[in-house]
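Colleague: I'd like to ask you about the structure that follows.
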Amino acid sequence: MNTNEKIQSITENSELSEYFKIYLTNPINLLHFTEFFFETVKKQSFSYNWHHGVICDKLNEILNYTHKTNHLIINIPPRFTKTELAVINFIAFGFALNPNSEFMHFSSSDALVTRNTTFIRQIMESDVYKSVFPQCTLSNNAKGSITTTKGGVLYAAPFLGQITGFGCGKFGSDSFAGAMIIDDAMKTQDALSETIREKVNFTWANTLISRKNDQRTPVIVIGQRIHEKDFCGFLIEEEGTIENGGKWDVITMPAIIDEGLQTERSLWENRISLENLKIQRELDKWVFETQYQQNPKPIEGLLFHESTTKYYDELPSNPDYIHIQIDPADGGDFTCSAVYYIKDEKVFVGNVIYTKDNTDAVVPRILDQIKLSEAATCLIESNSAWILFTRSIREKAAEEGLSTQIRAINNNTNKEVRILNHAPFIIRNFYYSNNGNTEYQLYLKHKHSYLKMVKDQKDDGVDCDNSACEYLKRNGIIPKM
């Protein structure tokens, strides 16, 4: 029997509908529900992996109202079906079990909660759902919410959005009657913002926690870890885990199980292989450890200790490649322009311009730098405000007949994370002058005082080195590892 024939049989045969209702609810089985509606609504098979069973077993405890605290945290890498199970199918199943349930669903953006609500509605409006669970009928068609004819409600909103006037669960209920479900409370790009982290945590403690209509109303928090002091870290620290006599039951699923041991393996080989996970790890070690391994570490402290800096007495003769990297001043920052000589996969930092002088004073110095070094390439980190600066250098270099390729780049990725990722290579393979001038010494002083993962510091020279490292790796001039 194909899927369409199966749907037709269920919708036309009340006994068959009743059979599937018993199959899904006696005992309650979220995994069976998900697989069943994947087939009948999405018209495709659910790609099962063992971790789905672990997650569904915990969520079944919530639906059965047998969980010890009804407070559950699921930390799992991105794209591992967490939202499909713990938001979309969980809520649709919860309404099927009790059409009078009251849900609240929060995520980091309006677009995400709207999408999730749409998918929940697709299940509940399907002919199969209506046949198997005829007692649950929708009564609205509004964006961002669902209501049933039995008084059930789903209210969905951004985590930091307007949420007054709504609640979840039922007072005095001794069985499942709704839940609060939080899926990725923060965007990953906000992980390093202490202000946003504190705002999220404040919102929980002063607003969301009061939205539960009963102390036993379940709360489910799902998402990847993004910082040591992210929302999940805050909940665990402030309210404790079940193992320590606290509130939260925490399921942690790293992308690489038994990392570093002979038994190491991918959490979901068919989704992303162990080999590809290792490649991902090398590209972004801090992010991988945090978001994929669910193991955020403290990241404050000096990154480039003076004791680890390598020096040279003379620049190498006949270098394999010469490159210039320029980071123009932004506001009260320094303009940094450095010449990098590559020899035998080592990078020697030659002449450095490190100044707060205006562009009229800096441009002639950069042109001399290009001319004297005979660099093959010159990259200028540039935004809209620095287009004229880049154009001026390019035009003046052309007038003097210089052959250096001069290009502008615009990097919108997180600077602190990029610097942290490439720091090990720079520490191992970059060499600095033992007798640099005053500007060179200040450039090194700021490098040695650079704090990892801290914003608003004197990082112009560090950023320049890092951008040069990225360019040289990207173009195969130095190895990526």
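Under this note's numbering, think of the first position of the sequence shown as 1, with each following residue one higher. Ideal placement from N, C-alpha and C gives every residue a C-beta, glycine not left out. Everything numeric in this text was worked out from a predicted model, so none of it was measured.
1) Taking all protein chains shown into account, decide if Lys212 is buried (16 or more other Cβ within 10 angstroms of its Cβ) or exposed.
2) Exposed or buried, which one is Ile387 when buried takes at least 16 other CB atoms within 10 Å?
3) When you compare the CB positions of Pro158 and Asp110, do they come within less than 8 angstroms of one another, or not?
4) Tell me Asn75's beta-bridge partners as DSSP assigns them.
5) DSSP beta-bridge partners for Ala338?
6) Identify the residues that DSSP records as bridge partners of Gln405: which are they?
7) Is it buried or exposed, Gly167, if we count other Cβ atoms within 10 angstroms and call 16 or more buried?
8) Please say whether Val132 and Lys43 have beta carbons closer to each other than 8 angstroms?
9) So, are the CB atoms of Ile222 and Ala86 less than 8 angstroms apart?
10) Which runs of the beta strand (DSSP E) at least 3 residues long sit entirely within the stretch 127 to 203? Give them in chain order.
11) From the DSSP output, in three-state form, read off Met453 for me.
12) According to DSSP, which residues form a beta bridge with Thr25?
13) Return the first residue and the last residue of the beta strand (DSSP E) that Phe103 is part of.
14) Start and end of the alpha helix (DSSP H) containing Phe93?
15) Just the Cα atoms here: how many angstroms apart are Phe236 and Lys247?
16) Please report the distance separating the alpha-carbon of Arg365 from that of Asn429.
17) Beta carbon of Phe348, beta carbon of Tyr321: below 8 angstroms?
18) Pick out whichever of Asp183, Ala255, Thr34 has its Cα sitting closest to the Cα of Ser108.
19) Using the beta-carbon count (16 or more within 10 Å), is Lys82 buried or exposed?
20) Can you give the beta carbon distance from Ile146 to Ile342, rounded, assuming they're within the 8 angstroms contact cut?
21) Give the straight-line distance between the Cα atoms of Ser449 and Asn383, rounded to the nearest whole angstrom.
22) Tell me which same chain residues have a C-beta within less than 8 angstroms of the C-beta of Ile123, skipping the five on either side of it?
23) At what residues does the beta strand (DSSP E) containing Ser433 begin and finish?
24) Can you list, in chain order, the residues of its chain with a C-beta nearer than 6 angstroms to that of Thr188? Leave out the 5 residues immediately preceding and following it.
25) Is Tyr48 helix, strand or coil when you go by DSSP?
26) Reducing DSSP to helix, strand and coil, say where Arg271 ends up.
27) Taking only three categories from DSSP, how would you classify Ile478?
28) Pairs of beta-carbons, one from the stretch 402 to 420 and one from the stretch 432 to 442, closer than 8 angstroms: are there three or more?
29) On the DSSP bridge list, what partners appear for Leu302?
30) In chain order, what residues of the same chain lie with their CB nearer than 6 angstroms to the CB of Ile163, ignoring the 5 residues before and after it?
31) Going by beta carbon distance, what residues of the same chain come within less than 6 angstroms of Leu24, once the five residues before and after it are set aside?
32) Excluding the 5 residues preceding and the 5 following Asp327 in the sequence, name in chain order all residues of the same chain whose CB lies nearer than 6 angstroms to its CB.
33) Within a Cβ cutoff of 8 angstroms, which residues of the same chain sit near Phe171, ignoring the five residues on either side of it in sequence?
34) Is it the case that the Cβ atoms of Gln369 and Gln291 are separated by a distance below 8 angstroms?
35) Can you say whether Tyr354 is buried or exposed, counting buried as having 16 or more other CB atoms within 10 angstroms of its CB?
36) Tell me where the alpha helix (DSSP H) around Lys396 begins and ends.
Modeller: Reading it off the structure:
1) buried
2) exposed
3) Contact: yes.
4) Gly223, Thr252
5) DSSP output for Ala338 lists Gln325, Val352 as bridge partner(s).
6) Thr377
7) buried
8) no
9) Result yes, Cβ atoms of Ile222 and Ala86 sit closer than 8 angstroms.
10) 145 to 147, 153 to 158, 180 to 183
11) coil
12) Paired residue(s): Ile28.
13) 102 to 107
14) 90 to 97
15) According to the sequence displayed, residue 236 carries Ile and not Phe. Going by the C-alpha atoms only, they are around 8 angstroms apart.
16) 27 angstroms
17) no
18) Asp183
19) By the neighbour-count rule (16 or more Cβ atoms within 10 Å), Lys82 is buried.
20) With 8 angstroms as the limit, Ile146 and Ile342 do not qualify as a contact, their Cβ atoms being about 60 angstroms apart.
21) 26 angstroms
22) Phe37, Val41, Ile88, Asn89, Ala92, Tyr129
23) 430 to 433
24) Ile226
25) coil
26) Arg271 carries a coil assignment under DSSP once its states are collapsed to helix, strand and coil.
27) coil
28) no
29) Leu451
30) Ala157.
31) His32, Phe33
32) Cys336, Glu381, Asp460, Asp463, Cys464
33) Closer than 8 angstroms at the Cβ level, and outside the excluded window around Phe171, lie Asn213, Asp214.
34) no
35) buried
36) Looking at the DSSP string, the run of the alpha helix (DSSP H) that includes Lys396 is 387 to 399.
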